[in-house]
Amino acid sequence: MDKLIEGVLLTPLKQIVNPKGDIYHAMKQSDEGFNSFGEAYFSTIVKDEIKGWKKHTKMILNLVVPIGEVEFVIYDDRKESKTYNQFFSVKLSQKNYQRLTVPSGVWMSFRGIGEGLNMLLNLASIEHDPNEAIRNELVDINYVWS
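In our numbering, the protein residues as written are 18 to 163.
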């Protein structure tokens with residue numbers, strides 16, 4: 018399950034320690050995974066709660082977790098994909114500070130696993146459009162959260 022799904026990127030990010038307050042890089046236009054900019058938003062998730070499943074038809078997600086810890090699970094149901102019918106999971110936090118780039122066309126769900134506030138940043142390739150995503154109930158995709 019640790020094999021990346023086709024089109025998914027994990028990019029290590031820089032953290033700069035400063036006695037007055039640290040700096041956490043997220044994304045530059047020159048970074049691999051940058052497609053375009055539509056909007057940026059923060060989302061929080063309570064410990065042990067799960068949001069998902071959601072599949073974007075156009076939007077590319079670029080997810081960073083600067084506060085807390087979040088587990089992301091991606092499921093590939095694209096029949097033409099080399100990773101068809103496979104899952105990938107990763108836990109992102111300040112200790113594992115990376116950007117997760119999720120292409121359109123795959124399912125994603127995420128769970129809060131840190132104590133206290135769990136916050137993610139999404140640097141989305143397009144502006145939010147409620148008609149652009151497909152949603153499934155958690156029971157609709159057979160995945161066992163550990």
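Ideal Cβ placement from N, Cα and C applies to all residues, glycine included.
Secondary structure of Val-63 (DSSP, three-state): coil. Looking at the DSSP output, Asn-79 bridges to Thr-118. Val-25 sits in coil when the DSSP states are folded into three classes, being neither helix nor strand. Beta-bridge analysis with DSSP links Trp-124 to Lys-72 and Tyr-92. By the CB criterion at 9 Å, Gly-50 and Leu-26 fall inside the cutoff. In the DSSP assignment, Leu-109 falls within the unbroken beta strand (DSSP E) covering 104-110.
Look at the beta carbons and you see the region 111-120 touching the region 71-86: at least three pairs across the two are nearer than 8 Å.
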